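These notes are about the structure you will find just below.
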Amino acid sequence: MELFVSESDLLLVLNASKCEDEDNLKQACDLYIAFASKFMNLRNQVQNNSSLNAQHQKDIHFQITQLLTFAINKAEHLEKRLKSNVNSNSNNNSLSKPIALHYLFYLCDKIAEVGAQQGKTEDATKYYTLAAEYGLELIRNYKIPFQSEVKTALSKAESLKKNNNSELITSPKRNNSSDIFNQAKPTCHLSVLTAQTFSSSTIPSVPNNSSSTSPSPRIILNNSCTSTISNYSSLSVNSTSTTTILERAIVSTTVNGSTPKPTPLKPLTDEEIEVLKYTSVMASGLLLYPWNDELDLNENFNLPLPFVDTQLNFHDDSNKHVLPLSKEQRSKLYGWLRPHEILALRSSKNSPQLIYKDEVNEDNIVQSHVVTDCSFVASLCVAALYERKYNKKLITNSIFPQNPKTNKPYYNPSGKYSIKIFLNGVARKVIIDDRLPVDSHGNLLCSLSLNPEEFWVSLMEKAYMKVNGGYQFPGSNSGIDLYALTGWIPEEVKISRGQCTSPTSFTFQVNGNATNHPNNNSTNMNNFDKDLLWRRMYDGFQLGKCLITISTGHLEKQTEEQLGLYANHAYAVLDVREVKVTNSSNNGTSPTFNMSQNVFNGMSPTTPSSGGVKKLIKVKNPWTRKRWKGPYSPNDFASWTTQLKKELDYDNTIAGQHDNGVFWMNYESLLKYFQTLHFSWSPDLFPYTEIRHSCWDHRVGPISLDGTDHHTMNGNPQFRLKLQGKGSVWIMLTKHFTSLDERDRDYLTFHVHRGSSASGETVYKQGIDRVFYNENTLIHKGRYSNDPHYRICLNSEDAVKKVTNDKKKRPSSSLSNSETLNKDQDAIFRIVLSQHEKIQTIRYSLFCYSTVPCTLEPIPSTYRYFKAYRDQWTPTTCGGSCNQISTYRLNPQYVVSAPSSSSLSVSPTSRTSPVNVTGADKTNLRFSCSTAHPLDINIMVFSNQGQPILLPAKEIMVASSGNYRRCFAMCKISSQELTHIQKTDALFPLTVVLSNFSGSLGDFEFRAESTNLPLEVRKVV
């Protein structure tokens, strides 16, 4: 097999970097261009290589893209130097070859890894050896501490030579989901290495983190690859290890406008780094590096020439490196112009500004009719309102460059901007240029500001469209968009179906009064608590802890015209108010509307709400036109009393003279005509945060005919959440995606099981801590969603609530409050991820926001040893259920034993006496049987000296899986529970019988597992 790239191709970039370091700029530039040309073709070949699976393609594609980006940027940089006659590198101590060596090391290492997995031992050995050579050169010539990587590569090469890369089935198992979570991946970090290798003039050094367990210091590469390594001679090979840049990017990530958490986030594991690295590469090839203040606040924005975003690989007829446009944009496009060129086309003598008078204003934000991103523009509106109202930076602290004195963004004549966007588990850096699409009159063909000199709205939109593949954006929702802009916690409330994912019980302080928010996780319209929803809206908004947008569903054209609302459209909520009515008799009578059919029948806007309080919402259409025509609209003169106008500082007569898309409406109208509310909650509400980034391999977990995990969840990712004391926790699952198709394709959720009892006992015992079945301890059954974020709310008390066995009741309504948590008792939950149809590998982040200290850890399997046996029920081995005495003996039977040196012996005892274990350490056993066929199956374990079982006699039965279960059965044995053994002094050997109730044909898999002892399994002939 030709493994993707030849050594001669790799020498091109090495020779280019060497020529550059020796000031032979012309030859270096030519070599970089030649290398880039080869690797562009190579990247396409990798994408079309049918012998590679999707993950291998993406891994190789990522490494090639890094080298390709490095070479292209180097070539462009050298061309500029040659044109400006800057042919000397004497004033620059930086070097390029070490960077090339570093990239080549990881490319060869990844190629070798893929080759080894495909069984191409010779090729894999070659590339591991080549990677080691590159690493040795970094050590010898540049004093870069690369010993551990070189040692690992050489070790793998030697292992392959000896053909010693296979594992026995009796070795500690590695294909359990919890083990996959912790597998060590080859280190291949995005922003590679540490800031010690940068000169002080480029990026300030980063202090060591003594608590880090990361590899030795490495080279840091910034996005543009123009800052290179310097002062290698001063580096010590034995330098103190520091946290990698990627780890620091996550650990130091704080939500815009929020205060630091009281406890730092834990260092990332190798597996977490691999997850975040993988989803940093979008399907389009776009690289989205994790944001790091120490590096990205020092990005070089002062460039001698106008910046062009070469990451964009789309080209139209006359423009290169641009975003794809919508059909409407293309029909009107004049060109891609920069702000000063746009103003010149308009014959304006004014200078462009990023933000007018350094203050964003929601009134100036306008959605263009040629881009379908109303939810994004509505999100910009509510974020800008928050910033202006509370004087807290929420949206502008995501835009760079910024004035170091004022910390405010400013217009950059070079045209380069950096936008911080929260995506795939962390904040990430999105670099853009300032070229924008315009028509022949200089009108922007994108979202804009009403102030013609202000461009921040258009640039923010461009950054978001870049992440989402272009202006042909199919639409989103404000929960997704606001999370991307701010990192605030999204919540979706479906008004039309009454599905409200509200906190279980959470208390806000409003005007000194505590308001409680009881559980409303899922309900129907008959039980929909609109008063509770209003309290949450009002309290959250008035506290400045909640941003709100609303959206409509399907509306007929005639209804749209009558209501002044538009179908499937997002609106920004600018205010939420309660107004006490002092004299209801002055409120007038029903309003008169100038329309042939009154769609507002049944509504009484002039009747005060309960308690003499009007509940009103101020709303903005992001189009800045087309507003509500119903109750409390500008033309509803009967509802706008003098008192109400004064309370809200609003004159409907003046407002009616100009349609700016802003209107008031009553709460009842919102509930009747809107479909969805999107709340975004400030993480400041929670002083404690736990985050885990992980991967769910599609090959791990149960196999069933419908692709679901309804029968067993043991193979699903599972986490243990512990709350220290009484408090509330919001749990959010964020699905990573690299394209919009991928974002909307998979339906994911999680279920929550209790792990505590009021007596302080835990359901966790050695070997039985993981959840197998979605019953008994279930306290929250998740709702499958293709939204990238899924969130629920729990209280500590939920950890000890009992669940009834009434399957007709939903888990949320079957909880019993008969148990309460002790004052100082920890609350323990088990979180189990679930897919509706498991068709591909999913990477995700799990967030826990808590009011009390908490910990979140994967639940590992304690069964270290296993044996698997694939078999089938055939016409001669279908013995039927244990009730069929005459044929039960025909069922498949297996003898399970342990090596004689580690036998588990027990002293003779009666059936009711505890078993006294001697000899080997105490162990736990687990037996399971699974099938993809719709069969009800059972497992019985007998102690019969390894002899065939003729009858299912209770006297010799050790354990049973209980009632026959569809597709999966499992039973466990612990050394403390062996109370049924008699007439023998040894546990092993055991005989296991597998049966299905109907005696039908079908394949199955039998697994025998042990916590401490290797097992031997043989089939009874």
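For the sequence shown, the UniProt record's numbering assigns the number 1 to the initial residue and increments by one for each residue that follows.
Think of the CB as a built atom: it goes at the ideal place given N, C-alpha and C, for glycine as much as any other residue.
All of these numbers come straight from a predicted model, not from anything done at the bench.
Item to check | Reference K110, options L925, K80 and E149, closest by Cα | outcome: It is E149.
Next on the checklist: I need the DSSP call for D1003, collapsed to helix, strand or coil.
Outcome noted: D1003: strand per DSSP, three-state reduction.
Checklist entry - Which same chain residues, not among the five before or five after P404, have their C-beta less than 7 angstroms away from its C-beta? => result Excluding residues up to 5 positions away in sequence, nothing lies with its Cβ nearer than 7 angstroms to the Cβ of P404 in the same chain.
Checklist entry - Near D433, what residues of its chain come up, given a Cβ to Cβ distance below 7 angstroms and the 5 sequence neighbours on each side ignored? => result Exclusion of the five residues before and after D433 leaves F307, V308, D309, G415 and K416 as the residues of its chain whose Cβ lies within less than 7 angstroms of its Cβ.
Checklist entry - Looking only at its own chain, which residues have a Cβ that is under 7 angstroms from the Cβ of L547, when we skip the five neighbours before and after it? => result Hits under 7 angstroms: V382, A383, Y386, L482, W488 and S680.
Next on the checklist: In whole angstroms, give me the CA-to-CA distance for T406 and D358.
Outcome noted: Whole-angstrom Cα-Cα distance: 10 angstroms.
Item to check | Status (buried if at least 16 other CB within 10 Å, exposed otherwise) for I654 | outcome: With a 10 Å radius around the Cβ and a threshold of 16 neighbouring Cβ atoms, I654 comes out exposed.
Next on the checklist: Would residue 1109 and F968 qualify as a contact pair, given that the criterion is a beta-carbon distance under 8 angstroms?
Outcome noted: With the chain covering only 1 through 1021, there is no way to say anything about residue 1109.
Checklist entry - Quick one: what's got a C-beta closer than 7 angstroms to F473's C-beta in the same chain, skipping five residues either side? => result Taken in chain order, the residues that qualify are V371, T372, D373 and M465.
Checklist entry - Of all the options S326, K74, L10 and I792, which has the alpha carbon lying nearest to the alpha carbon of H751? => result Residue I792 is the option with its Cα nearest to H751.
Checklist entry - Going by C-alpha distance, which of I431, L448, V430 and G540 is nearest V438? => result That would be L448, whose Cα lies nearest to the Cα of V438.
Checklist entry - Rounded C-beta distance between L856 and F719? I'm assuming under 8 angstroms. => result About 6 angstroms; that satisfies the 8 angstroms criterion.
Item to check | Per-residue DSSP class, three states only, for K972 | outcome: Strand, per DSSP.
Checklist entry - Among L990, T887 and F927, which one has its Cα closest to the Cα of I956? => result With distances taken between Cα atoms, I956 lies closest to L990.
Checklist entry - Under a three-way DSSP split, which group does N716 fall into? => result Look at N716 here: in three-state DSSP terms it is coil, with no helix or strand label.
Item to check | Pairwise C-alpha distance: K429 and I419 | outcome: I419 and K429 have their C-alpha atoms roughly 6 angstroms apart.
Next on the checklist: Give me, in chain order, the residues of the same chain whose beta-carbon lies closer than 7 angstroms to that of I33; leave out the 5 immediate sequence neighbours on both sides.
Outcome noted: Excluding its 5 nearest sequence neighbours in each direction, I33 has C-beta neighbours in its own chain below 7 angstroms: A75, listed in chain order.
Item to check | Secondary structure of W873, DSSP reduced to three states | outcome: If DSSP states are grouped into helix, strand and coil, W873 belongs with the strands.
Next on the checklist: Rounded to the nearest angstrom, what separates K494 and D649 at their Cα positions?
Outcome noted: One C-alpha to the other measures close to 31 angstroms.
Item to check | Exposure of S6, with buried meaning 16 or more beta-carbon neighbours within 10 Å | outcome: Under this definition S6 is an exposed residue.
Checklist entry - Between residue 1025 and K618, which are expected to be in contact by the criterion C-beta below 8 angstroms, what is the C-beta distance as a whole number of angstroms? => result Look at the range of the chain in this structure, 1 to 1021, and you will see that residue 1025 is not part of it.
Checklist entry - Considering P339, what are the terminal residues of the alpha helix (DSSP H) in which it resides? => result Per DSSP, the unbroken alpha helix (DSSP H) holding P339 starts and ends at P339 to L345.
Checklist entry - Based on the DSSP secondary-structure assignment, which residues constitute the bridge partners of C381? => result The secondary-structure analysis by DSSP pairs C381 with nothing; it has no beta-bridge partner.
Checklist entry - Which residues in the same chain have their Cβ closer than 6 angstroms to the Cβ of A1008, if we skip the five residues on either side of it in sequence? => result Excluding the 5 residues flanking it on each side, A1008 has same chain C-beta neighbours closer than 6 angstroms at K867, V896, F927, L1015 and V1017, in chain order.
Next on the checklist: Between which two residues does the alpha helix (DSSP H) holding N73 run?
Outcome noted: For N73, the enclosing alpha helix (DSSP H) starts and ends at A54 to K83.
Checklist entry - Less than 8 angstroms separating the beta-carbons of G1002 and Q872? => result Cβ distance < 8 angstroms, so G1002 and Q872 count as in contact.
Checklist entry - Per the contact definition of three or more C-beta pairs closer than 8 angstroms, is the stretch 30–49 in contact with the stretch 267–282? => result These segments do not touch.
Checklist entry - Taking DSSP as the reference, what is the three-state secondary structure of F637? => result Three-state DSSP puts F637 in coil, outside helix and strand.
Checklist entry - From L925 to A54, what distance separates their C-alpha atoms? => result The alpha-carbon atoms of L925 and A54 are separated by roughly 37 angstroms.
Next on the checklist: Tell me the residue span of the beta strand (DSSP E) that contains W730.
Outcome noted: Going by DSSP, W730 is part of the beta strand (DSSP E) stretching over S728 to K735.
Next on the checklist: My assumption, with CB atoms under 8 angstroms, is that Y566 sits in contact with K620. Please give the rounded CB distance.
Outcome noted: That pair is no contact at about 13 angstroms.
Item to check | Segment limits, alpha helix (DSSP H) that includes V322 | outcome: Segment: none, V322 is in no alpha helix (DSSP H) and carries neither H nor E.
Checklist entry - What is the DSSP secondary structure of I399, counted as helix, strand or coil? => result I399: strand per DSSP, three-state reduction.
Next on the checklist: Pairs of beta-carbons, one from the stretch 127–139 and one from the stretch 100–116, closer than 8 angstroms: are there three or more?
Outcome noted: Touching, yes.
Checklist entry - Who are the near neighbours of R692 in its chain, counting only those whose CB is closer than 6 angstroms to its CB and skipping five residues on each side? => result Excluding residues within five positions, the ones whose Cβ falls inside 6 angstroms are L846 and L856.
Checklist entry - Looking at the structure shown, is H102 part of a helix, part of a strand, or coil, going by DSSP? => result H102 carries a helical assignment under DSSP once its states are collapsed to helix, strand and coil.
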